[in-house]
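Working notes for the structure below.
Residue numbers (the working numbering): 89 to 262.
Next comes the structure, spelled out in structure tokens:
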């Protein structure tokens with residue numbers, strides 16, 4: 089029985105560490121000025137693989153140079169993309185971009201005001217998990233998993249306190 093308790097405690101500890109690490113990677117990085125985005129296409133492979141989570145730091149347009157990857161708002165639907173700058177037109181405030189895996193440059197230039205920032209680093213495959221937990225049903229599963237994890241953490245203490253209280257009550261009635 090004692091081995092089982094140790095096993096459950098070890099599993100619970102590992103799960104807590106994984107959940108905290110995942111939360112830091114998705115939300116905590118915002119505290120240091122990074123915003124995570126999921127890579128949805130293969131246009132920047134092999135630099136940024138589909139399903140990766142890229143972390144983007146804000147940048148001013150005048151800091152951007154040819155050859156640098158930038159993350160920007162692509163269209164009116166607020167789709168976000170990351171491509172490499174192949175030319176800068178400072179006079180008209182435009183970036184010309186191209187995906188590393190694409191044969192030709194992007195069809196439309198990126199206006200300076202659409203610049204979000206520059207990718208700092210990426211974590212392969214984490215974008216799949218991030219996308220999953222950001223909308224139903226993944227969000228509901230993540231909430232349920234978190235609640236279950238909290239229950240697993242505190243249940244032994246609750247049971248112990250309940251047993252102690254029950255023993256005290258039965259001792260008082262003797």
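For each residue, glycine too, the CB sits at the ideal point set by N, CA and C.
Query	Result
From residue 123 to residue 200, what distance separates their C-alpha atoms?	19 Å
So, are the CB atoms of residue 192 and residue 141 less than 8 Å apart?	no
Looking at the structure shown, is residue 213 part of a helix, part of a strand, or coil, going by DSSP?	coil
Can you round the beta-carbon distance between residue 241 and residue 144 to whole angstroms, since I take them to be within the 8 Å contact cut?	Contact doesn't hold; Cβ gap of about 34 Å is too wide.
DSSP beta-bridge partners for residue 239?	According to DSSP, which records beta bridges pairwise, residue 239 is partnered with nothing at all.
Run through DSSP, which three-state label would residue 109 get?	helix
Any chance the stretch 169-188 sits against the stretch 212-222, with 3 or more Cβ pairs inside 8 Å?	no
Short of 7 Å in beta carbon distance, which residues of its chain neighbour residue 114, apart from the five on each side in sequence? Order them along the chain.	124 and 218
Out of 215, 232, 182 and 97, which one is the CA nearest neighbour of residue 126?	215
Using CA coordinates, which residue listed in 150, 146, 195 and 236 is at the minimum distance from residue 179?	150
Could you please give me the residues that DSSP links to residue 157 through a beta bridge?	172
What's the gap between the Cα of residue 95 and the Cα of residue 101?	10 Å
So, are the CB atoms of residue 186 and residue 177 less than 8 Å apart?	no
Which residue from 248, 206, 246 and 236 puts its Cα closest to that of residue 99?	236
Considering only the beta carbon of each residue, do residue 147 and residue 207 sit closer than 8 Å?	no
Taking 8 Å as the cut-off, decide whether the C-beta atoms of residue 213 and residue 130 are in contact.	no
Starting from residue 185 and walking both ways along the beta strand (DSSP E), at which residues does that stretch end?	182-186
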